[in-house]
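Residue numbers (the working numbering), protein chains in the order written: chain A, 1 to 116; chain B, 1001 to 1114. Even glycine gets a Cβ: it sits at the ideal position worked out from N, Cα and C. Working notes, structure below.
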Amino acid sequence: AQSVTQLGSHVSVSEGALVLLRCNYSSSVPPYLFWYVQYPNQGLQLLLKYTTGATLVKGINGFEAEFKKSETSFHLTKPSAHMSDAAEYFCAVTDAGGTSYGKLTFGQGTILTVHP
Amino acid sequence: DAGVTQSPTHLIKTRGQQVTLRCSPISGHKSVSWYQQVLGQGPQFIFQYYEKEERGRGNFPDRFSARQFPNYSSELNVNALLLGDSALYLCASSPAGHFTGELFFGEGSRLTVL
């Protein structure tokens, strides 16, 4: 079984400040890891993903995340927050064997608020 | 290009009724997945269909069923609605049979059960 824990249901930062959203996962098999973003009244959009290779992955809108196997973590960061980053962010995991057939296991989500 | 489209966008039902939600995947995508997102929680996997066959099922009761049509569109049916079925139902499509995790989501159908 797989699970995802996002630490902090709400994170508030000032515009221009560092964004750090925390994600820890549990998986008995090598994982694929993802961050999705959901803007109000919209579906989810992929920000970035880790499958194999480089553990530091870069995504859209200046976000990046680092896969740390020893810490079972995949934290999302952005050096400088922008007002447009305000949204809900979901960390997700699936198994790397590709047998999960469309099943992602999502965390509870973190709402990011950006103050001017 | 059109993204994943879902209908209806909003609907209200009463307990015990049945509902059908529809999804059209991105052109060329053969896999469709359904997720339930209860307010304040992350999406929960319900079903995945690929080439018209059910390939995965989440921990949902038999009141939930789905199917995929030859044009790869899909329907999700929920019978005997309960108050707890109130949620945003998300459809997602992906192009390949070997799942790499990238899903393309629609904007969802928001179901309210009274």
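Asked                                                                                                                                                       : Found
Please list the terminal residues of the continuous beta strand (DSSP E) segment that includes Ser12 (chain A).                                             : 10–14
Classify Leu1081 (chain B) as helix, strand or coil using the three-state DSSP reduction.                                                                   : coil
Whole angstroms are fine: how far does the CA of Glu1051 (chain B) sit from the CA of Pro1095 (chain B)?                                                    : 11 Å
Can you pull the DSSP bridge partners for Lys1013 (chain B)?                                                                                                : B:Val1113
Since Gly59 (chain A) meets chain B, which of its residues come closer than 9 Å, beta carbon to beta carbon?                                                : The contacting residues do not exist; Gly59 (chain A) stays about 12 Å from chain B at best.
Can the beta-carbon of Leu21 (chain A) be found closer than 8 Å to that of Thr110 (chain A)?                                                                : yes
Name the chain A residues whose beta carbon is nearer than 7 Å to that of Leu1076 (chain B)?                                                                : By Cβ distance, chain A contributes nothing, its closest Cβ being about 14 Å from Leu1076 (chain B), past 7 Å.
Ignore the nearest five residues each way along the sequence and tell me which others in Leu1114 (chain B)'s own chain have a CB closer than 6 Å to its CB. : Thr1014
Helix, strand or coil for Asn61 (chain A) per DSSP?                                                                                                         : helix
Taking only beta-carbon atoms, is Leu1103 (chain B) less than 8 Å away from chain A?                                                                        : yes
Given Asp95 (chain A), which residues of its chain have a CB within under 8 Å of its CB, disregarding the five upstream and five downstream residues?       : Gln2, Ser27, Val29, Pro30, Pro31, Tyr32
What I want to know is whether the C-beta of Gly1058 (chain B) ends up closer than 7 Å to one or more non-hydrogen atoms of the ligand FMN.                 : With respect to the ligand FMN, the structure shown offers nothing to examine, as it has no ligands at all.
Could you tell me whether the Cβ atoms of Ala86 (chain A) and Val57 (chain A) are closer together than 8 Å?                                                 : no
Check Ser84 (chain A) in the structure and name its three-state DSSP category.                                                                              : helix
Counting C-beta neighbours from all protein chains within 10 Å, is the total for Asp1062 (chain B) 16 or more, i.e. buried, or is it exposed?               : exposed
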